[in-house]
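In what follows, a structure is listed as structure tokens, so that the remarks can point back to it.
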């Protein structure tokens, strides 16, 4: 089932700019190509390392649906087609890690397509205590519609950028990784006539901050859809157990009742009346 | 001349007295034989009650047919076996025995009225498939309507001839009930060469059909509840388990009277559903598309619709035991007529009116076309209808299983489920609960159950409803049939065969397609 996260949920306060300026560690950051480790063919793993330790780890399967114009058979009208662009295996990965900001950049097909994911960590002041959460607050996708593999005969080909607006996705408490097996949909607005590009993310496991050990995800925080599915799966077992118990109790009660009331029945043993059969 | 007559008379008298003496002594021999066994208590009670009937000179089984059987059997005398002269000994009809034995050892099972039998038949013939009828009209047009009426007529006829097979004419010219169940009829037909084969086949077919029907009701109720409340985290499996928990009291059903009450409620729920949908369709009567009812048929899709229409009238499995439990069996024909007329009118009206309202947009299940408020109410009534329909096939399945597998003596594999006072034993109750749980497990774990049911239904359903009744009727009552009866029977056999084969092929295609797409996923 699709889970739509895209619609403008929360307004990101303007502290974004301040955070950008403050905590940026721009040191050398290595990346690893770990696509062979992924468990499913569409999923890909991206790791950004900094000073010998992992600072950002992400694995997900992504697909982008981009509308573009194609001229119709009469050479006058324009038809809107949709290109389906999967994340290629062995894509180039670049990233920046910081204490409150992280960025992951994935490019493939010779930098024709580039997907940039921006994460930010914030602290909320709730009534009881201070909670820190991190989230993905911006996505940028750069594509070129003159590229022939996915775009067939696009009219007015050229480079376009699709940006997210007021995005606040993958909300997770700080120190935990985000996990969601269900498919999520995020909408981006493109510079090409303000059309909507859809990013489909599934089998997501991301941790952009506070990775304790090398290549090790911290404790996962599940998305609500997954939790609901888990509940849906455990409920039949619970109900089945209750049903089994009901049956056992019913049969026991019946058995006891049967034994207690069985003495009242007597089969006729007096056969003196039956001697006149001749 | 007078001496001739006198000698003839004396000859006749001696032969008659010899015969009756032989019978009486045979009876005594059997009784003395039984006195030595443990069945004596029940046997003597039995004998006493039937003593009067003995004295009225009813024929009895020839002793040797019993002696060839195993020893410790409950008594077989009395009104058990009526044979036509010259047809040879029939295999002992086991069903009549334990029917009488269990009747006497418990209170006699209450008989049902004709109305209650009617509710049961209506429960069987007006099932969940009525929701697919407008879709059948979409693809079949007027032929579909005609088929609804025709199928009702045919099924009414086959039901009546099936019950006619239970009766035979005895030497006094009276029609008496010699057989008790479908199994008995099958055994009687295969009598000379394969005395048990026919009964075994019919038993297996009956059990399959009845258990599949039970499973279908669980599947349907789970599915309907799931579709009615998609926002709850309760999956279809969970709803099926909840439905089974509600159906668990069915394990305590003892006789047809209790089942008839459930069938009455089920029929009421069905009427409410019909009224709701028809009222809604009438409210849109201005937009009815009278011109869209087709005269031609859609050859690819219609055969499935034929299956839905034709096999929805299947009630023959229940008829022998219903008729046997009626207070006035003479009202049976009247009851069959009225129930089938009512079903035919209601189904035809429903299908036509629903089709006219939505024409080309008619979906496979008509509730998908309804607006959501009415759909929610209709769904609720459909769930209650499914749950209330469950007791009848469940009770019939339990009866069939108990008669074939759980009898005293060496007739069956397991001992009797009922204790001496007629109450069910605890392990018998446990087995009934196990059957309910079995239907639940099949409902949860078998995918595409509706297609599977279409597959088995086209074999067992068609067999039990069209092929076998006409076959048995021809075989057993051949001498008494008039030419038009023979013609009808042969025609029904042929048509039933065609429907069965076509249904089988299409269900198989549908199943292969469904499993193929499953594997692809």
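Residue numbers (my numbering), protein chains in the order written: chain P, 1 to 278; chain F, 1 to 521.
Built from N, CA and C at the ideal position, the CB exists for glycine as well.
Checklist line | 9 Å Cβ cut-off: residues of chain P touching residue 248/F | finding: 243, 246, 247 and 250
Note to self: Would residue 215/F pass as an interface residue toward chain P - the criterion being a Cβ-Cβ separation below 8 Å?
What the structure shows: no
Note to self: Can you pull out the residues from the stretch 233-246 of chain F whose beta carbon lies closer than 8 Å to at least one beta carbon of chain P?
What the structure shows: 233, 234, 235, 237, 238, 241, 242, 244 and 245
Margin query: Need the endpoints of the beta strand (DSSP E) that residue 201/P sits in, please.
Written below: 196-207
Margin query: Does the CB of residue 221/F have a neighbour CB from chain P at under 8 Å?
Written below: no
Next item on the list: Assign residue 288/F to one of three DSSP states: helix, strand, or coil.
Entry: Of the three classes helix, strand and coil, the one that applies to residue 288/F here is coil, per DSSP.
Checklist line | 8 Å Cβ cutoff, residue 114/F in contact with chain P | finding: no
Check: The beta strand (DSSP E) with residue 67/P in it runs from where to where?
Finding: 53-71 is the span of the beta strand (DSSP E), which, as asked, contains residue 67/P.
Next item on the list: Spell out whether any CB of chain F is found under 8 Å from the CB atom of residue 22/P.
Entry: Because the pLDDT at residue 22/P is just 44, under 50, the model does not fix this residue reliably, and the point stays unresolved.
Next item on the list: Kindly give me the distance between the Cβ atoms of residue 61/P and residue 84/P, rounded to whole angstroms, as I take these residues to be in contact under 8 Å.
Entry: About 13 Å separates the two Cβ atoms, so there is no contact after all.
Next item on the list: Mind listing the chain F neighbours of residue 254/P? Cutoff is C-beta to C-beta under 8 Å, in chain order.
Entry: 426 and 429
Check: Which term fits residue 515/F, buried or exposed, when burial requires 16 or more other beta carbons within 10 angstroms of its beta carbon?
Finding: exposed
Next item on the list: For residue 115/P, I'd like the list of residues in its chain whose CB is within less than 6 Å of its CB, leaving aside the five on either flank, ordered along the chain.
Entry: Closer than 6 Å at the Cβ level, and outside the excluded window around residue 115/P, lie 106 and 141.
Notebook entry, point to check: In terms of residue numbering, what span does the alpha helix (DSSP H) encompassing residue 156/F cover?
Noted result: For residue 156/F, the enclosing alpha helix (DSSP H) starts and ends at 142-164.
Item checked: Rounded straight-line distance, which links the Cα of residue 275/F to that of residue 189/F -> 45 Å
Next item on the list: Measure the alpha-carbon distance for residue 335/F versus residue 160/F and round it to whole angstroms.
Entry: Taking the straight line from one Cα to the other gives about 11 Å.
Item checked: Secondary structure of residue 79/P, DSSP reduced to three states -> strand
Margin query: Cβ closer than 9 Å: which chain P residues qualify as neighbours of residue 423/F?
Written below: 258, 261, 262 and 265
Next item on the list: Determine the contact status of residue 66/P and residue 155/P, defining contact as a CB-CB distance below 8 Å.
Entry: no
Check: Is any beta-carbon of chain F found at less than 8 Å from that of residue 240/P?
Finding: At least one chain F Cβ lies under 8 Å of residue 240/P.
Item checked: Beta-carbon spacing of residue 436/F, residue 247/F below 8 Å -> yes
Notebook entry, point to check: How would you list, in chain order, the residues of chain P whose beta-carbon sits under 8 Å from the beta-carbon of residue 165/F?
Noted result: Going along chain P, no residue has its Cβ under 8 Å from residue 165/F, so there is no contact; the nearest lies around 35 Å.
Notebook entry, point to check: Using the beta-carbon of each residue, which ones in chain P are nearer than 8 Å to residue 266/F?
Noted result: Within chain P, no residue comes near residue 266/F; the closest Cβ sits about 23 Å away, beyond 8 Å.
Check: Taking a cut of 7 Å between CB atoms, which residues from the stretch 216-239 of chain P lie near chain F?
Finding: Under the 7 Å Cβ criterion, the stretch 216-239 of chain P contributes 228, 231, 232, 235, 236 and 239.
Notebook entry, point to check: Are residue 347/F and residue 148/F touching if we call contact CB-CB under 8 Å?
Noted result: yes
Checklist line | Sequence-distant residues of the same chain with beta carbon closer than 7 Å to residue 243/F, five excluded per side | finding: 218, 221, 222 and 387
Checklist line | For residue 156/F and residue 337/F, the rounded distance between their alpha carbons | finding: Residue 337/F and residue 156/F: Cα-Cα distance of roughly 7 Å.
Next item on the list: Output yes or no for whether 8 Å exceeds the beta carbon distance between residue 120/P and residue 46/P.
Entry: no
Checklist line | Under 8 Å by beta carbon: chain P residues contacting residue 433/F | finding: Within 8 Å Cβ-Cβ: 247, 250 and 251.
Notebook entry, point to check: Could you check where the beta strand (DSSP E) with residue 314/F kicks off and where it finishes?
Noted result: Segment: none, residue 314/F is in no beta strand (DSSP E) and carries neither H nor E.
Notebook entry, point to check: Exposed or buried, what is residue 135/P when buried is set at 16 or more other beta-carbons lying within 10 Å of its beta-carbon?
Noted result: buried
Item checked: C-alpha gap between residue 491/F and residue 485/F, whole angstroms -> 10 Å
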